[in-house]
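**Q** The structure's right below; bear with me while I get my questions together.
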Ligand code: MG
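Residue numbers (this note's numbering): 10 to 169.
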């Protein structure tokens with residue numbers, strides 16, 4: 010089997026709000042994430058990893074943030090669309106691994122639900138999607154609570 014690997018990275022800054030959406034999970038917080046869509050950095054990073062592995066560019070190319078169709082969009086629709094694009098290109102997602110970087114809110118109680126959402130949207134078994142969270146020990150923009158970052162890698166295999 011031929012394998013393809015891709016990586017993704019995304020950041021959104023905190024703004025007004027009372028919750029964040031990460032990996033499709035709504036998590037109460039004293040601030041929200043500023044974004045054209047729902048600001049789901051986890052899904053945006055994962056979309057870029059899958060698109061990167063498939064050689065299909067990036068999320069901004071497929072879902073431009075100046076397109077009114079995507080205002081306030083549920084990012085899970087992006088991930089489902091990206092998974093379909095990979096399938097159409099003859100590629101299956103074998104596994105994905107995501108790291109969320111945030112000083113707050115505390116994410117450990119939510120990583121399992123995030124992984125289940127991501128796996129469902131990719132159309133693969135939950136065991137093939139790993140989500141983990143880390144702080145940066147108070148350092149840098151995430152440590153200062155200015156925003157949340159996410160990194161993702163995805164491995165795809167040719168089905169044809
Ligand atoms: Mg984004």
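Ideal Cβ placement from N, Cα and C applies to all residues, glycine included.
Quick check: is any heavy atom of ligand 1 less than 7 Å from the C-beta of residue 21?
**A** Stepping through the chain shown from its first residue, residue 21 is reached at position 12. Flag set: Cβ of residue 21 near ligand 1.
**Q** Which residues bound the alpha helix (DSSP H) around residue 149?
**A** The sequence position of residue 149 within the chain shown is 140, counting from 1. Start and end: 149 to 152.
**Q** Is any heavy atom in ligand 1 found nearer than 7 Å to the beta carbon of residue 50?
**A** Here the question's residue 50 lines up with position 41 in the chain shown. Because some heavy atom of ligand 1 lies under 7 Å away, the Cβ of residue 50 counts as near it: yes.
**Q** So the beta strand (DSSP E) residue 103 belongs to, where does it begin and stop?
**A** Locating residue 103 in the chain shown gives position 94, where the first residue counts as 1. Where residue 103 is concerned, the enclosing beta strand (DSSP E) stretches over 100 to 110.
**Q** Give the DSSP-derived three-state secondary structure of residue 118 in the structure shown.
**A** One-based indexing of the chain shown puts residue 118 at position 109. DSSP places residue 118 in helix when its eight states are reduced to three.
**Q** Going by DSSP, what residue range makes up the alpha helix (DSSP H) through residue 57?
**A** The residue given as residue 57 occupies position 48 in the chain shown. 50 to 63 is the span of the alpha helix (DSSP H), which, as asked, contains residue 57.
**Q** If we ignore side chains and look at the alpha-carbon of each, how far apart do residue 105 and residue 95 end up?
**A** Your numbering for residue 105 matches position 96 in the chain shown. Your numbering for residue 95 matches position 86 in the chain shown. Roughly 14 Å between the two C-alpha positions.
**Q** Candidates 17, 11 and 39: which alpha carbon is nearest residue 112's?
**A** If you number the chain shown from 1, residue 112 lands on position 103. If we check each option's Cα against that of residue 112, 39 comes out closest.
**Q** Which residues mark the beginning and the end of the beta strand (DSSP E) in which residue 22 is found?
**A** As a first step, residue 22 must be located in the chain shown, where it is residue number 13. From DSSP, the beta strand (DSSP E) with residue 22 extends over 12 to 24.
**Q** Would the stretch 68 to 78 and the stretch 20 to 37 be scored as touching if the rule is three or more Cβ pairs under 8 Å?
**A** The answer is no - the stretch 20 to 37 does not touch the stretch 68 to 78, with fewer than three Cβ pairs under 8 Å.
**Q** Thinking C-beta only, is residue 62 closer than 8 Å to residue 165?
**A** Within the chain shown, numbered from 1, the residue matching residue 165 stands at position 156. Within the chain shown, numbered from 1, the residue matching residue 62 stands at position 53. Yes.
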